[in-house]
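Numbering (the numbering used here) for the sequence shown: 111 to 294.
From the three backbone atoms N, C-alpha and C, an ideal C-beta is built for every residue, glycine too.
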Amino acid sequence: MRPALTLSCALALAALLGGCGTPAEPERMSLRAAERLQLRSWIPEALRGQIRLGKVEGGAETWRYWGSKISDESLRIALDESLRGVGLAALMPEGGRFELQARLLKLEQPKVAADVTVALYMHYRLVEVASGKLVYERQMRLVHTTPLDAAWLDMNERLRLANEAALHQSLEALVRELIELRPA
(Lines of atoms letter the chains of each structure in order from A and count residues from 1; the text may use other names and numbers.)
(Lines give C-alpha, C1' and ligand atoms only; values in the text may rest on other atoms or scores of the structure.)
Protein backbone atom coordinates (compact mmCIF):
# COMPACT_ATOMS: atom_id res chain seq x y z
CA MET A 1 0.00 0.00 0.00
CA ARG A 2 2.88 2.36 0.79
CA PRO A 3 4.42 2.39 -2.76
CA ALA A 4 1.02 3.20 -4.27
CA LEU A 5 0.61 6.16 -1.90
CA THR A 6 4.12 7.41 -2.71
CA LEU A 7 3.45 7.13 -6.44
CA SER A 8 0.12 8.95 -6.06
CA CYS A 9 1.78 11.78 -4.14
CA ALA A 10 4.56 12.06 -6.73
CA LEU A 11 2.04 12.23 -9.59
CA ALA A 12 -0.06 14.83 -7.76
CA LEU A 13 3.05 16.95 -7.14
CA ALA A 14 4.08 16.66 -10.80
CA ALA A 15 0.59 17.71 -11.89
CA LEU A 16 0.70 20.73 -9.58
CA LEU A 17 4.14 21.77 -10.76
CA GLY A 18 3.15 21.21 -14.37
CA GLY A 19 0.00 23.25 -13.90
CA CYS A 20 1.69 26.65 -13.95
CA GLY A 21 1.10 28.87 -16.96
CA THR A 22 4.10 29.28 -19.25
CA PRO A 23 4.08 32.35 -21.51
CA ALA A 24 5.65 32.23 -24.97
CA GLU A 25 9.25 33.46 -25.16
CA PRO A 26 10.14 35.96 -27.92
CA GLU A 27 13.59 34.52 -28.62
CA ARG A 28 12.04 31.14 -29.47
CA MET A 29 9.52 32.74 -31.83
CA SER A 30 11.86 35.02 -33.78
CA LEU A 31 13.95 33.86 -36.72
CA ARG A 32 17.00 31.84 -35.78
CA ALA A 33 20.53 33.02 -36.60
CA ALA A 34 20.92 30.64 -39.57
CA GLU A 35 17.57 31.72 -41.03
CA ARG A 36 18.42 35.41 -40.60
CA LEU A 37 21.78 34.93 -42.28
CA GLN A 38 20.25 33.03 -45.19
CA LEU A 39 17.43 35.54 -45.77
CA ARG A 40 19.54 38.67 -45.27
CA SER A 41 21.21 38.36 -48.67
CA TRP A 42 17.83 38.31 -50.46
CA ILE A 43 16.50 41.60 -49.05
CA PRO A 44 15.83 44.09 -51.88
CA GLU A 45 17.66 47.41 -51.54
CA ALA A 46 14.36 49.34 -51.53
CA LEU A 47 13.32 47.54 -48.30
CA ARG A 48 16.68 47.37 -46.51
CA GLY A 49 16.31 49.31 -43.22
CA GLN A 50 12.96 50.75 -44.31
CA ILE A 51 10.35 49.02 -42.13
CA ARG A 52 9.27 50.31 -38.74
CA LEU A 53 6.85 48.56 -36.45
CA GLY A 54 3.41 50.03 -36.02
CA LYS A 55 0.58 48.56 -33.98
CA VAL A 56 1.18 45.06 -32.67
CA GLU A 57 -1.91 43.72 -30.96
CA GLY A 58 -4.23 40.82 -30.33
CA GLY A 59 -2.04 38.96 -27.87
CA ALA A 60 -3.09 37.87 -24.41
CA GLU A 61 -1.27 37.47 -21.14
CA THR A 62 -0.78 33.93 -19.88
CA TRP A 63 -2.92 33.05 -16.90
CA ARG A 64 -0.73 32.36 -13.90
CA TYR A 65 -1.99 28.86 -13.18
CA TRP A 66 -2.82 27.34 -16.53
CA GLY A 67 -2.17 27.58 -20.25
CA SER A 68 0.18 29.45 -22.51
CA LYS A 69 -0.52 32.57 -24.52
CA ILE A 70 1.44 35.03 -26.67
CA SER A 71 1.43 38.55 -25.23
CA ASP A 72 1.51 41.71 -27.35
CA GLU A 73 4.97 42.48 -25.96
CA SER A 74 6.36 39.02 -26.81
CA LEU A 75 4.88 39.30 -30.30
CA ARG A 76 6.41 42.77 -30.76
CA ILE A 77 9.85 41.64 -29.57
CA ALA A 78 9.85 38.52 -31.80
CA LEU A 79 8.75 40.58 -34.80
CA ASP A 80 11.31 43.31 -34.12
CA GLU A 81 14.17 40.81 -33.65
CA SER A 82 13.23 39.03 -36.86
CA LEU A 83 13.07 42.25 -38.92
CA ARG A 84 16.35 43.52 -37.44
CA GLY A 85 18.05 40.20 -37.98
CA VAL A 86 17.41 40.21 -41.71
CA GLY A 87 18.05 43.93 -42.18
CA LEU A 88 14.48 45.07 -42.84
CA ALA A 89 14.01 47.11 -39.64
CA ALA A 90 14.39 50.89 -39.74
CA LEU A 91 17.45 52.11 -37.88
CA MET A 92 15.49 54.86 -36.07
CA PRO A 93 12.12 54.27 -34.32
CA GLU A 94 10.32 56.89 -36.42
CA GLY A 95 12.40 56.24 -39.52
CA GLY A 96 11.66 53.99 -42.42
CA ARG A 97 9.55 54.34 -45.49
CA PHE A 98 7.07 51.64 -44.46
CA GLU A 99 5.14 50.70 -41.33
CA LEU A 100 4.33 47.09 -40.51
CA GLN A 101 1.24 46.38 -38.41
CA ALA A 102 0.58 42.96 -36.91
CA ARG A 103 -2.48 41.52 -35.23
CA LEU A 104 -2.87 38.12 -33.66
CA LEU A 105 -6.44 37.34 -34.68
CA LYS A 106 -6.92 34.03 -32.94
CA LEU A 107 -5.00 31.33 -31.13
CA GLU A 108 -6.86 28.02 -31.09
CA GLN A 109 -5.63 25.65 -28.41
CA PRO A 110 -6.98 22.39 -26.99
CA LYS A 111 -8.14 22.28 -23.37
CA VAL A 112 -6.54 18.88 -22.81
CA ALA A 113 -4.44 16.83 -25.23
CA ALA A 114 -1.49 14.49 -25.40
CA ASP A 115 -0.12 15.79 -28.71
CA VAL A 116 -0.90 19.52 -28.62
CA THR A 117 -2.00 21.13 -31.90
CA VAL A 118 -2.49 24.89 -32.02
CA ALA A 119 -3.73 27.06 -34.88
CA LEU A 120 -2.46 30.63 -35.05
CA TYR A 121 -4.23 33.27 -37.15
CA MET A 122 -2.16 36.38 -37.95
CA HIS A 123 -2.91 39.50 -39.97
CA TYR A 124 -0.08 41.65 -41.35
CA ARG A 125 -0.26 45.02 -43.15
CA LEU A 126 2.60 47.00 -44.67
CA VAL A 127 1.76 50.63 -45.38
CA GLU A 128 3.85 53.31 -47.06
CA VAL A 129 4.14 56.02 -44.38
CA ALA A 130 4.18 59.11 -46.64
CA SER A 131 1.19 58.20 -48.81
CA GLY A 132 -0.74 55.79 -46.58
CA LYS A 133 -0.79 53.37 -49.53
CA LEU A 134 -1.26 49.71 -48.67
CA VAL A 135 1.74 47.79 -50.03
CA TYR A 136 1.15 44.35 -48.54
CA GLU A 137 -1.66 42.69 -46.62
CA ARG A 138 -1.91 39.08 -45.61
CA GLN A 139 -3.89 36.94 -43.24
CA MET A 140 -2.33 33.58 -42.49
CA ARG A 141 -3.21 30.48 -40.53
CA LEU A 142 -0.41 28.30 -39.27
CA VAL A 143 -0.77 25.03 -37.41
CA HIS A 144 1.83 23.30 -35.29
CA THR A 145 1.70 20.09 -33.29
CA THR A 146 3.98 19.43 -30.34
CA PRO A 147 4.12 15.72 -29.47
CA LEU A 148 3.67 14.32 -25.99
CA ASP A 149 7.34 13.36 -25.72
CA ALA A 150 8.40 17.04 -25.97
CA ALA A 151 7.23 17.57 -22.38
CA TRP A 152 5.81 14.43 -20.77
CA LEU A 153 4.23 15.85 -17.64
CA ASP A 154 3.44 19.41 -18.61
CA MET A 155 0.72 20.20 -21.13
CA ASN A 156 1.35 23.92 -20.57
CA GLU A 157 4.91 23.45 -21.77
CA ARG A 158 3.65 21.62 -24.88
CA LEU A 159 1.21 24.50 -25.49
CA ARG A 160 4.05 27.01 -25.18
CA LEU A 161 6.25 25.06 -27.59
CA ALA A 162 3.41 24.77 -30.12
CA ASN A 163 2.57 28.50 -29.82
CA GLU A 164 6.19 29.50 -30.31
CA ALA A 165 6.66 27.22 -33.31
CA ALA A 166 3.45 28.42 -35.00
CA LEU A 167 4.41 32.09 -34.59
CA HIS A 168 7.95 31.33 -35.75
CA GLN A 169 6.51 29.81 -38.94
CA SER A 170 4.33 32.90 -39.37
CA LEU A 171 7.30 35.27 -39.05
CA GLU A 172 9.37 33.21 -41.47
CA ALA A 173 6.53 33.25 -44.02
CA LEU A 174 6.09 37.00 -43.53
CA VAL A 175 9.77 37.78 -44.13
CA ARG A 176 9.89 35.51 -47.19
CA GLU A 177 6.86 37.31 -48.66
CA LEU A 178 8.26 40.76 -47.85
CA ILE A 179 11.46 39.83 -49.69
CA GLU A 180 9.41 39.25 -52.83
CA LEU A 181 7.99 42.80 -52.76
CA ARG A 182 9.52 45.23 -55.21
CA PRO A 183 8.36 48.69 -54.10
CA ALA A 184 9.12 51.53 -56.52
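Asked                                                                                                    : Found
Rounded separation between Arg158 and Leu277 - CA only                                                   : 23 Å
Alpha carbon of Glu290 to alpha carbon of Phe208, nearest angstrom                                       : 15 Å
Endpoints, beta strand (DSSP E) assigned at Glu218                                                       : 208-218
Integer Cβ distance of Met232 from Leu215, believed to fall under 8 Å                                    : 7 Å
Whole runs of the alpha helix (DSSP H) within the segment 125-178, excluding any shorter than 4 residues : 136-139, 143-150
Buried or exposed (CB count within 10 angstroms, at least 16 for buried), Gln160                         : buried
Residue from Gln211, Gly205, Val253 whose Cα sits closest to the Cα of Ala240                            : Gly205
Leu281 in three-state terms, based on DSSP                                                               : helix
Simplified DSSP assignment, three categories, for Met202                                                 : coil
C-beta atoms of Lys165 and Thr172 nearer than 8 Å                                                        : no
Coil, strand or helix - Leu271 by DSSP                                                                   : helix
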